[in-house]
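A short write-up of the structure that comes next.
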Amino acid sequence: MKKEYILLLIFFASLVIYPFIFENPFPRHLLIMIMLYGTMGIGWNIIGGYTGQVSFGNAAFFGVGAYTTAILLSKYGINPWFGMILGCVFSSMVAVIVGYPCFRLQGHYFAIATIAVGEIVQILFTNWEYAGAAVGIYIPILEESLWNFQFHTTKLPYYYIILVMFTCALLLCYAVDKSRFGYYFRAIKDDPDGARSLGINVRNYKLVAFILSAILTSICGTFYAMYVLYIHPANTIDLWLSIHLCILVLIGGLGKIFGPVLGAFIFIPLTEFTRVYLGSEGQGIDLIIYALIIILLATLRPQGLWGMLARSRT
Amino acid sequence: MEGVLAQTLVSGLLIGFVYALVAVGLTMIYGVMDVVNFAHGDYLMLSMYFSYWLFILFGMDPLYSLPAIVLVMFGIGVITYYITIRPIINSPMLSQIFVTFGLLIFLRGLAQFLWKVDYRMIPDTLVSGSFNLGGIYIGRPQLVAAVGAVLCSGLILWFLKNTKAGMALEAVSEDKEAARLMGINSDRMFALSWGIGIASVGVAGVLLSNFFYVFPEVGGQFCLIAFVVVALGGFGSVVGAFLAGIIVGLVEVVSGYLIDPSFKFMFVLSLYLAVVFIRPQGLMGRK
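If you read the sequences in order, they're chains G and L.
Position 81, counted from 1, in the first sequence is what the numbering used here calls 81; the numbers after and before it change by one each time, with no gaps.
Position 55, counted from 1, in the second sequence is what the numbering used here calls 369; the numbers after and before it change by one each time, with no gaps.
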């Protein structure tokens with residue numbers, strides 16, 4: 001147990017000092033993306049991994065977070081931090097509106113429904129003139145400060161903002177994992193009828209899991225909008241984003257706190273590596289590797305790579 | 315005005331038959347073994363590429379290469395079953411979703427790697443252009459695809475109702491235990507359903523390649539439409555899928571005509587939500 005705390009401490013200490021060792025923009029950007037996807041992966045893991053409800057629609061929450069912030073800032077000059085909070089409120093509302101009817105559905109019916117909802121949200125934003133339609137929204141450039149959530153001379157503050165978000169997401173996931181909620185979520189995943197017969201309100205707990213997932217993803221949407229300063233339906237509400245989240249949690253480890261973290265540390269570097277070093281020649285190689293890992297894990301050990309690591313240690 | 319509507323309905327009907335054929339394979343695999351193949355559209359993509367390359371490399375028209383591609387797709391379906399589906403047949407539903415999801419990622423990755431993300435189209439096919447029938451323009455390749463889809467769906471239905479293997483398939487889909495007690499080897503039936511399911515989507519792919527662009531993502535949209543069709547028809551019902559395919563084709567073009575073409579896909583997807591909320595067993599499904 002003690003050894004694990006020390007490892008954890010080393011992990012976070014190295015994240016804190018990392019930008020001082022790597023001062024070039026690219027390695028910093030790489031770790032920002034890892035932590036961004038890690039945070040979203042933790043969000044996906046709560047609904048998909050713990051509660052066992054496969055969502056291919058989480059990109060919708062990412063989009064709602066990004067668009068709420070961007071619209072409020074560009075049309076009304078409202079502070080992005082407030083936009084982040086309001087984005088969470090809207091995302092939670094979407095989660096309830098979608099989740100309430102959909103959580104009656106079992107397994108694949110639910111998974112397909114989330115694809116449908118995600119695609120519908122994307123079509124709506126692509127045709128919504130007020131929100132820039134297919135062109136999207138350029139976020140107005142403000143003076144750089146933490147309050148304005150904008151930094152132009154260096155990416156360093158973004159790095160520490162996402163590090164704080166990532167840490168909070170991990171703490172939240174840890175709290176869920178160890179609390180009554182975690183046990184209920186797992187019970188719903190393993191045996192919904194059994195959970196119901198023990199008096200657990202299955203639908204309400206699925207909704208709680210979905211809202212937590214929505215909030216974590218929505219916050220990432222706000223961060224992304226302020227980080228790249230230009231959003232459009234294809235870079236925010238795309239089915240591929242939802243698919244990527246599913247991939248990284250599956251290879252890292254389903255229903256494990258550090259599963260999505262490990263997944264993000266494999267997924268982002270491998271994808272960037274094939275894109276930068278292999279270029280168009282290596283296109284798709286990363287997907288083939290993930291697919292083989294996913295199929296092997298699902299047919300042999302459903303615990304993910306983190307589960308294999310944990311097993312080999314004990 | 316009326317002419318435009320009639321034109322719209324005809325094109326909806328024609329594409330609806332193709333949707334039906336894509337969905338027939340999906341619903342058959344589901345009916346026989348309760349597995350939803352999330353990679354179904356990507357097998358469609360694969361057969362479109364086969365058709366494209368046979369034309370480019372050997373000058374074989376899609377209609378001539380059709381039989382060979384169907385055989386290959388049948389084999390790919392059976393191999394897919396034995397390698398990836400058989401080990402998880404008794405696993406929780408989550409593992410089943412993830413395996414076919416893994417197949418989706420694999421096939422798209424493979425297509426991106428081998429053939430890049432370019433949009434490709436067979437330049438000059440045996441059937442092309444369109445003809446005028448009482449003021450309505452009918453595209454020849456679309457008509458050939460629709461007729462082919464009807465023939466293929468009919469053949470599958472005939473096979474299910476009139477042959478020993480077909481009836482055994484139906485028996486397995488109705489009651490696995492009882493079928494096993496009657497001496498039906500369910501393992502071979504599962505393999506057969508994957509073979510026929512993938513072969514039929516292969517036929518759809520070849521027919522589509524006559525007039526549709528081929529690219530690694532092309533399966534995504536068709537797969538989503540197939541989900542809608544299968545849900546509307548009733549999961550597992552081949553006849554239901556056929557009727558639902560036509561309905562979905564009509565919904566797509568009519569909503570595009572009445573409201574706005576950019577929203578037509580949204581209406582098709584809303585149809586899925588409406589069906590699973592209001593009538594989960596679909597038109598012809600068992601409860």
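Each residue gets a CB set at the ideal place from its N, CA and C atoms; glycine is no exception.
Check, Outcome
"Closer than 6 Å by C-beta to residue 347 of chain L: which residues in its own chain qualify, once you throw out the five before and the five after it? Chain order, please.", "504"
"Short of 8 Å in beta carbon distance, which residues of its chain neighbour residue 318 of chain L, apart from the five on each side in sequence? Order them along the chain.", "571"
"Could you tell me the distance, in whole angstroms, from the CA atom of residue 430 of chain L to the CA atom of residue 584 of chain L?", "32 Å"
"With C-beta atoms as the reference, is residue 357 of chain L less than 7 Å away from residue 515 of chain L?", "yes"
"Can you list the residues of chain G that residue 584 of chain L reaches, using a CB-CB cut of under 8 Å?", "116 and 120"
"Alpha carbon to alpha carbon, what distance is there between residue 58 of chain G and residue 44 of chain G?", "7 Å"
"Skipping 5 residues on each side, what residues in its chain have a beta carbon closer than 8 Å to that of residue 118 of chain G?", "56, 57, 58, 59, 60, 237, 239 and 242"
"Give the secondary structure of residue 242 of chain G by DSSP, where H, G and I count as helix, E and B as strand, and everything else as coil.", "helix"
"Do you know offhand how far residue 531 of chain L's Cα is from residue 115 of chain G's?", "15 Å"
"Which residue wins for smallest C-alpha separation from residue 556 of chain L, given the options L:369, L:316 and L:327?", "L:327"
"Tell me whether residue 447 of chain L sits in a helix, a strand or coil according to DSSP, three-state version.", "strand"
"Can you check whether the CB of residue 413 of chain L is closer than 7 Å to the CB of residue 268 of chain G?", "no"
"If you draw a straight line from the alpha carbon of residue 164 of chain G to that of residue 223 of chain G, how long is it in whole angstroms?", "12 Å"
"Examine chain A for any beta-carbon lying closer than 7 Å to the beta-carbon of residue 101 of chain G, and answer yes or no.", "This model lacks chain A altogether, as its protein chains are G and L."
"Quick one: what's residue 595 of chain L bridged to in DSSP?", "Its beta-bridge partners do not exist; DSSP assigns none."
"Kindly indicate which three-state DSSP category residue 104 of chain G falls into: helix, strand or coil?", "coil"
"Measuring only between beta-carbons, confirm whether residue 392 of chain L sits less than 7 Å from chain G.", "no"
"Report yes if the CB atom of residue 550 of chain L is closer than 7 Å to the CB atom of residue 394 of chain L, and no otherwise.", "no"
"Using CA atoms only, rank isn't needed, just tell me which of L:547, L:447 and L:379 is closest to residue 362 of chain L.", "L:379"
"If you measure between the beta carbons of residue 77 of chain G and residue 231 of chain G, is that distance less than 7 Å?", "no"
"So, residue 391 of chain L versus residue 472 of chain L, is the Cβ gap smaller than 7 Å?", "no"
"Report the three-state DSSP secondary structure of residue 145 of chain G (helix, strand or coil).", "strand"
"Under 7 Å between C-beta atoms, does residue 53 of chain G make it to chain L?", "no"
"Can you check whether the CB of residue 511 of chain L is closer than 7 Å to the CB of residue 343 of chain L?", "yes"
"Given this structure, state the Cα-to-Cα distance separating residue 153 of chain G from residue 143 of chain G, to the nearest angstrom.", "11 Å"
"So is residue 299 of chain G in contact with chain L if we call contact Cβ pairs under 7 Å?", "yes"
"Got a sec: is the Cβ-Cβ distance from residue 402 of chain L to anything in chain G below 7 Å?", "yes"
"Under 7 Å, Cβ to Cβ, is there at least one residue of chain L near residue 108 of chain G?", "yes"
"Taking the alpha helix (DSSP H) that residue 316 of chain G belongs to, which residues open and close that run?", "Past the boundaries of the shown model lies residue 316 of chain G; chain G is included only from 1 to 314, so the question cannot be answered."
"Got a sec: does the ligand ADP put a non-hydrogen atom nearer than 6 Å to the Cβ of residue 540 of chain L?", "The ligand ADP is not among the ligands present in this structure, which contains no ligands whatsoever."
"Quick check: what's the CA-CA separation for residue 381 of chain L versus residue 468 of chain L?", "17 Å"
"Whose C-beta lies closer than 8 Å to the C-beta of residue 167 of chain G among residues of the same chain, with five residues either side of it excluded?", "12"
"Roughly how many angstroms lie between the CA atoms of residue 261 of chain G and residue 101 of chain G, to the nearest whole one?", "31 Å"
"Any idea which residues DSSP pairs residue 138 of chain G with across the strands?", "G:230"
"Answer with buried or exposed for residue 106 of chain G, where buried requires no fewer than 16 other C-beta atoms within 10 angstroms of its C-beta.", "exposed"
"Apart from the five residues just before and just after residue 184 of chain G, which ones in its own chain have a Cβ nearer than 8 Å to its Cβ?", "195, 200 and 205"
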